[in-house]
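Undergrad: This structure is in structure tokens; I'll ask about it shortly.
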Amino acid sequence: MYWTFAYLFFLFIISSKAHTPGTVTVDILTFDKIRNNFDAVLAKFDDKYPFGEKYDQFKRFAINVANSKNLVVVEIPITDYGEKENEMLALEYGVKKEDHPVYKLFLKGKSKPIDYTGDKTEDDLRRFLSHNTNIWFGFPGTVEEMDRLAEQFFVASSNNDENTQKSLLEKAHEAFKKLVDKKEQMSGKSYIKIMESVIKQGSDFFKREGRRVENLLKGKITNEKKQELQHRANILLSFQSLTVTTDKEL
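All the letters of the sequence shown, read from the start, carry residue numbers -18 to -1, 1 to 232 under mature numbering (1 follows the signal peptide of the UniProt record, and there is no 0).
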């Protein structure tokens, strides 16, 4: 009797992990229906009952992007026993069990998915989507319009295009005037200060400032100061995030 109860309880716990909040679980019969009706579909090929740090990262990611427009995150559970669930999908997209979890981005109108090759963390997954779609995934302390300008500013800085840099700085000032929320205003000032510093000191400022903020975060600081610095680090990523994409494409 005890072992029967324990076994049933174990099955209940395991089954509760079969679905991740913020995602849609699909199979070979439903995947194309989802894929063809959304602008962007991020598919995770994985064990049916995943666990561990990589899964914890994915859970946080899925919850935080659940309300994003034109994006759906799907889970494709794969088993190598019994009916071998979704084995054909795994074969079709070249997914191997030893690589789980495997992420692929399907964009509407594109015949082939974009393979994700970065670290399997929440931040890197959001960065990957930001690079390959027009969907904005804001980190704490960032502002969407400022992020768009930051990306353009980074490109101009990489090309030593001072005229475009100054033009974008002017646009940042105009965008700042429209901010009403006090927290966004504080963030807006950070974007502007970073742009001004890069124009004066060159694009190396991105790395120097990043290291400075990182070192400060490692020290003994108040929770308020830690949050302020983390927001600045996130804002710097809005400029630096394209570094990863640019390097890989060269």
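Even for Gly, the Cβ is constructed at its ideal location relative to N, Cα and C.
Which stretch, first to last residue, makes up the alpha helix (DSSP H) that contains Val47?
TA: Segment: none, Val47 is in no alpha helix (DSSP H) and carries neither H nor E.
Undergrad: Rank Asp28, Lys94 and Val195 by C-alpha distance to the C-alpha of Lys207 and give the top, closest one.
TA: Put simply, of Asp28, Lys94 and Val195 the residue whose alpha carbon is nearest the alpha carbon of Lys207 is Val195.
Undergrad: Taking all protein chains shown into account, do 16 or more other C-beta atoms lie within 10 angstroms of the C-beta of Thr5, making it buried, or fewer, making it exposed?
TA: buried
Undergrad: When the Cα atoms are used, what is the spatial distance from Asp14 to Lys78?
TA: Roughly 20 Å separates the two Cα atoms.
Undergrad: With 16 other CB atoms within 10 Å as the buried threshold, where does Phe33 fall?
TA: Phe33 is classed as exposed because its beta carbon has fewer than 16 other beta carbons within 10 Å across all chains shown.
Undergrad: Using CA atoms only, rank isn't needed, just tell me which of Phe43, Leu218, Ile16 and Gly100 is closest to Lys171.
TA: Here the closest residue by C-alpha is Leu218.
Undergrad: Which ranges would you report for the alpha helix (DSSP H) in the region 161 to 216 if only whole runs of at least 4 residues count?
TA: 164 to 183 and 187 to 200
Undergrad: Alpha carbon to alpha carbon, how far is Asp9 from His213? Give it in angstroms, no decimals.
TA: 39 Å
Undergrad: Whose CA, out of Val162, Met128 and Ser169, lies closest to the CA of residue 277?
TA: Given a span of -18 to 232 for the chain in the structure shown, any question on residue 277 remains unanswerable.
Undergrad: Expressed to the nearest angstrom, what Euclidean distance is found between the alpha-carbon atoms of Gln39 and Lys51?
TA: 21 Å
Undergrad: Take the Cβ of Gln147 as the centre, count every other Cβ of all protein chains shown within 10 Å, and call the residue buried at 16 or more, exposed below.
TA: buried
Undergrad: Buried or exposed, going by whether 16 or more other CB atoms sit within 10 Å of the CB of Ile203?
TA: Counting Cβ neighbours within 10 Å, Ile203 comes out exposed, since fewer than 16 surround it.
Undergrad: Under the rule that 16 or more other beta-carbon atoms within 10 Å means buried, what is Thr12, buried or exposed?
TA: exposed
Undergrad: Secondary structure at Tyr85, three-state DSSP: helix, strand or coil?
TA: strand
Undergrad: Using the Cα positions of His155 and Glu104, report the straight-line distance between them to the nearest angstrom.
TA: 31 Å
Undergrad: Does the beta-carbon distance from Phe121 to Asn197 come in below 8 Å?
TA: no
Undergrad: Given this structure, state the Cα-to-Cα distance separating Asn142 from Ile176, to the nearest angstrom.
TA: 16 Å
Undergrad: Under 8 Å: do the region 128 to 139 and the region 176 to 190 share three or more Cβ pairs, one atom per stretch?
TA: yes
Undergrad: Report back the beta-carbon spacing between Glu67 and Lys26 to the nearest angstrom; my notes put them in contact at under 8 Å.
TA: Not confirmed; about 14 Å, so no contact.
Undergrad: Excluding the five sequence neighbours on either side, which residues of its own chain have a C-beta within less than 8 Å of the C-beta of Glu126, listed in chain order?
TA: For Glu126, same chain residues with a beta-carbon under 8 Å away, outside a window of 5 residues either side, are Trp118 and Gly120 in chain order.
Undergrad: Going by beta-carbon coordinates alone, are Leu87 and Asn114 separated by less than 8 Å?
TA: yes
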